[in-house]
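Written out below as structure tokens is the structure these notes cover.
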Ligand code: ADP
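Numbering (the numbering used here), first residue to last: 1232 to 1827.
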């Protein structure tokens, strides 16, 4: 319960009407609160100056309010006029403001603008120090009689009467202190004579101090917010990079979407990531006025770039179209993308090698099995063949029986051929290696096959390196491998096409590639082509052992096979075999291997 006498006191206090000065002070306090409120909104400099000029002009009833600011060596000027209610904003970079020029011109024909320049250059403050050691407010109620200003230039004190241009009669130039120095000027102009009182000027000086504090708070708030945005973007990129199962394309698309929100004007910013021949773009696309870019370097090679575009219509920043931090950010992002791509490529390579290993393992197991079966079948097959050949010699057979025996012999020979291929696939026959030139293998193979190609309309292109290095190889086995691949290529081009055969070498390997423009293979077929008995051909056309044999032969030569294929476009088989180096060493080792 409240005490009665307390109530009484409150009531009596309310009855006292505020004095004019108190009302004035209250109004100015409200203005200062409004200015601080703007600082807490985290507005950019342009918007901040516009709002503050608006508040001051509404409060003061002046005809023009100008705020001059010196920040990061740039000069910024925002002006609102009452009649037109328009806002003018100007950024003057250091090279253009040449303060001294303006200060010197004070001695000749000076304007209020020159005076502001001089104040911000510290010249005026030196001659008329206030208690704080800075220039005091310069103001007049009748500008037609001029404003008297004092300053020091080249060590001499000057006094100058300045007659403002235009219709204003009352002018006040009030210092804005920012971090203990004159960082700005608040300029109030009215067309009315004696518009300000000394009391009001004193209160405007307090407002100017609040303005100084507000500027500092705004700057810190904005810069903190921008740093948070940048960190959020970088954190987003790192999170995406660690996400499992995301393809590189999906990753780059997600990254590009993270970029515009990290820039100062997100709604006017768009971004692109160029990587190899692909482009990833943010949802918002703007016609750019200004752009910044950074290269994406992967393993030391530029592979693309990150580009950020700022659309027209945004105020130029004091340090160019983009913040210094943004220039650093785009470099960091491009660097991060480069690292992510390197990691993805490593992962892909690791998966490929793992698959290859698993595949090789599977093939080896099948090979052992096949070799065992082949060995077991070999003897009964030889018996069938031998006895049926004996039978054929007997003259007592009828014509029909004779034909049946021929069929048995043909089938046994076919079965023996399969057994032979299985043994080759299982690498049961060690290659007899001699110094061999792959070009000779190609020419010998084509000697038999080229006519077959011409018959079905296949053009054969030879691109054989004239000074090809030798390899240590079994020419008979390599001939078989070459023929198997070429026959497959011919079968893949029933309506004709082009077969390109190339040989080339680097320091360590000799390569043979056979490319056709045939039917190509689906991914499923491609996965299985080296598996014994895998075939897509009809019974008479294929056994599904051709490429298994090729695989066995190339593996036993320490080489590798790479296959590329696209359905409807063709296939490429590339065989790499180590180049022949030290004849004795290589052949001895192989001999030892064969002996094992
Ligand atoms: P086969 O030729 O007896 O079927 P292979 O082991 O030589 O056995 O080939 C396996 C399968 O690989 C073929 O059935 C075919 O589907 C595919 N293939 C091989 N070479 C080619 C090629 N150049 N173009 C299209 N498919 C091919």
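Glycine included, C-beta positions come from ideal geometry on N, C-alpha and C. This one's a predicted model, so the numbers in the text were calculated from it and none came from an experiment.
Any C-beta of chain B sitting closer than 8 Å to the C-beta of residue 1300?
Given the protein chain composition of this structure (a single chain), no chain B is represented.
With a CB to CB cut of under 6 Å and the five nearest residues on each side skipped, what residues in its chain are close to residue 1766?
1773, 1775
Would DSSP call residue 1309 helix, strand or coil?
Looking at residue 1309 - three-state DSSP - the assignment turns out to be strand.
Please classify residue 1530: does DSSP put it in a helix, a strand, or coil?
coil
Count the other C-beta atoms from every protein chain shown that fall within 10 angstroms of the C-beta of residue 1614, then say buried if there are 16 or more, exposed otherwise.
Of the residues assessed, residue 1614 falls on the exposed side of the cut-off, its CB having fewer than 16 other CB atoms within 10 angstroms.
Report yes or no: do three or more beta-carbon pairs, one from the segment 1498-1512 and one from the segment 1450-1470, lie closer than 8 Å?
no
On the three-state DSSP scale, how would you describe residue 1426?
coil
So, is residue 1361 buried or exposed, given that buried needs 16 or more other C-beta atoms within 10 angstroms?
Residue placement at residue 1361 cannot be trusted, given a pLDDT of 44 that sits under 50; what the coordinates show is reported in the next sentence. With fewer than 16 other Cβ atoms within 10 Å, it is exposed.
Alpha carbon to alpha carbon, what distance is there between residue 1492 and residue 1435?
39 Å
Compare the Cα-Cα distances from residue 1531 to each of 1502, 1522, 1566 and report the closest residue.
Looking from the CA of residue 1531, the closest CA among 1502, 1522, 1566 belongs to 1566.
Should residue 1812 be labelled buried (16 or more other beta-carbon atoms within 10 Å of its own) or exposed?
exposed
Any heavy atom of the ligand ADP closer than 7 Å to the Cβ of residue 1768?
yes
In terms of residue numbering, what span does the alpha helix (DSSP H) encompassing residue 1372 cover?
Careful: residue 1372 lies outside any alpha helix (DSSP H) and carries neither H nor E.
As an exercise, report each continuous beta strand (DSSP E) stretch of at least 3 residues that is fully enclosed by the segment 1754-1802, in chain order.
1791-1797
So, at 6 Å on beta carbons, what are the nonlocal neighbours of residue 1808 in its own chain, with the 5 sequence-adjacent residues on each side left out?
The answer, listed in chain order, is 1702, 1741, 1788, 1790.
Does the Cβ-Cβ distance between residue 1561 and residue 1539 come in under 8 Å?
Yes.
If the criterion is Cβ atoms closer than 8 Å, does the pair residue 1298 and residue 1280 meet it?
Yes, the pair counts as a contact, with Cβ atoms nearer than the cut-off.
Helix, strand or coil for residue 1703, going by three-state DSSP, please let me know.
strand
Counting pairs of beta carbons, one from the segment 1640-1656 and one from the segment 1675-1689, are three or more of them closer than 8 Å?
no
In its own chain, which residues sit with a C-beta less than 7 Å from the C-beta of residue 1649, not counting the 5 before and 5 after it?
1774, 1776
For residue 1792 and residue 1731, which I take to be in contact (beta-carbon distance under 8 Å), what is that distance rounded to the nearest angstrom?
Residue 1792 to residue 1731, Cβ: 17 Å. No contact.
Pull up the distance between the alpha-carbon of residue 1744 and that of residue 1694, whole angstroms please.
10 Å
To the nearest angstrom, report how far apart residue 1403 and residue 1419 are at their CA atoms.
5 Å
Using CA coordinates, which residue listed in 1319, 1568, 1351 is at the minimum distance from residue 1306?
1351
Output needed for residue 1823: all residues of its chain with C-beta closer than 7 Å, excluding positions within five of it in sequence on either side, in chain order.
Its pLDDT being 40, under 50, residue 1823 is placed unreliably by the model, and the measurement read from it follows with that caveat. Correct list: empty, nothing qualifies.
Out of 1380, 1315, 1630, point me to the one whose CA is closest to residue 1174's CA.
The requested residue 1174 is not part of the displayed model; the chain covers only 1232 to 1827.
Assign residue 1405 to one of three DSSP states: helix, strand, or coil.
strand
If you pair each beta-carbon of the segment 1468-1479 with each one of the segment 1436-1449, do three or more pairs fall below 8 Å?
no
Report, in whole angstroms, the separation of the C-beta atoms of residue 1569 and residue 1529, which I expect to be a contact under 8 Å.
5 Å
Under a three-way DSSP split, which group does residue 1490 fall into?
coil
By how many angstroms is the C-alpha of residue 1523 removed from the C-alpha of residue 1417?
35 Å
Which same chain residues, not among the five before or five after residue 1274, have their C-beta less than 7 Å away from its C-beta?
1282, 1449
Rounding to the nearest angstrom, what Cα-Cα distance links residue 1256 and residue 1513 in this structure?
52 Å
If you follow the alpha helix (DSSP H) that residue 1683 is part of, which residue opens it and which one closes it?
1669-1686
Any chance the CB of residue 1778 is under 7 Å from a heavy atom of the ligand ADP?
yes
Quick check: the Cα distance between residue 1374 and residue 1391, rounded to an integer number of angstroms?
Here the C-alpha atom of residue 1374 lies approximately 13 Å from the C-alpha atom of residue 1391.
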